[in-house]
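Enquirer: Take this structure first; my questions come after.
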Amino acid sequence: MTTSTGNHRTEPSTTAGEREMLDGWLEYHRATLAWKCEGLVDEQLRATPLRPSALSLMGLVRHMAEVERYWFREISLGEDLPDLYSTRENRDGDFEFAAADTWADAERVWHEEVELARAAAAGRSLDAVSDAASHHRGEVFSLRWIYTHMIEEYARHNGHADLLREHIDGATGE
Numbered sequence: 011m012t013t014s015t016g017n018h019r020t021e022p023s024t025t026a027g028e029r030e031m032l033d034g035w036l037e038y039h040r041a042t043l044a045w046k047c048e049g050l051v052d053e054q055l056r057a058t059p060l061r062p063s064a065l066s067l068m069g070l071v072r073h074m075a076e077v078e079r080y081w082f083r084e085i086s087l088g089e090d091l092p093d094l095y096s097t098r099e100n101r102d103g104d105f106e107f108a109a110a111d112t113w114a115d116a117e118r119v120w121h122e123e124v125e126l127a128r129a130a131a132a133g134r135s136l137d138a139v140s141d142a143a144s145h146h147r148g149e150v151f152s153l154r155w156i157y158t159h160m161i162e163e164y165a166r167h168n169g170h171a172d173l174l175r176e177h178i179d180g181a182t183g184e
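The opening residue of the sequence shown carries number 11 in the numbering used here; numbering runs sequentially from there.
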């Protein structure tokens, strides 16, 4: 997939130590999601071409903002944060948009949450255990587990983004 702004992802090192490797793969997948959204207008980013699924590129970005926030800040650091999009009453709020919701806002929030996630992980050992337990499973997690889960989460959703992008404008890429 070639885009007008030439977004380039940095391939993760094949010989790095564990922390550098995990950081490299997570950054690679973050950049991949940004790349899949590049060059589209709001209408395309909000499109749900894989009906009956409600998946959209904007929804994926909003979802990943929530996932970054949840694992790196709420679980790892134990921060008590308000909901972004989804709530206990509406678990799909990240994929449901009001007329006033824009791509610019979704992208800004995602980038902010990524930066806050990076800061939350900085200086913490991969063996550090989370300050809070999962809301769903009631377990604590090592930072290593959180990194691995985040890489898996991005990889899965980047596959969704591939399909969405191809249906939206025919663009394909790895």
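The beta carbon of each residue, even a glycine, is placed where N, CA and C say it ideally should be. Model, not experiment: these values are computed from the prediction.
Would you give the residue range spanned by the alpha helix (DSSP H) that VAL124 belongs to?
Expert: 113-131
Enquirer: Answer yes if the region 21-38 comes into contact with the region 82-94, meaning at least three C-beta pairs across the two stretches below 8 Å, and no otherwise.
Expert: no
Enquirer: Considering only residues of the same chain and omitting the five flanking positions on each side of ARG72, which have a CB-CB separation below 6 Å?
Expert: TYR95, ASP104, ALA116
Enquirer: Could you round the C-beta distance between ARG56 and SER63 to whole angstroms and report it? I think they count as a contact, below 8 Å.
Expert: About 14 Å separates the two Cβ atoms, so there is no contact after all.
Enquirer: Taking 8 Å as the threshold, find out whether the region 167-176 comes into contact with the region 142-150 through three or more Cβ pairs.
Expert: no
Enquirer: Reducing DSSP to helix, strand and coil, say where VAL139 ends up.
Expert: strand
Enquirer: Closer than 6 Å to a non-hydrogen atom of the ligand ADP - does that hold for the CB of LEU55?
Expert: Because no ligand of any kind appears in the structure shown, any question about the ligand ADP cannot be addressed here.
Enquirer: Going by beta carbon distance, what residues of the same chain come within less than 8 Å of MET31, once the five residues before and after it are set aside?
Expert: PRO22, SER23
Enquirer: Please classify TRP99 as buried or exposed, where buried requires at least 16 neighbouring CB atoms within 10 angstroms.
Expert: Here residue 99 turns out to be Glu, not Trp, going by the sequence shown. So GLU99 counts as exposed.
Enquirer: If we count the other Cβ atoms within 10 Å of its Cβ and call it buried at 16 or more, is ASN124 buried or exposed?
Expert: It should be pointed out that residue 124 corresponds to Val in this sequence rather than to Asn. Classification for VAL124: buried.
Enquirer: Name the two residues that bound the continuous alpha helix (DSSP H) containing HIS159.
Expert: 153-179
Enquirer: With distances taken from CA atoms, which of LEU126, GLY88, THR112 is nearest VAL139?
Expert: Out of LEU126, GLY88, THR112, GLY88 has the C-alpha closest to the C-alpha of VAL139.
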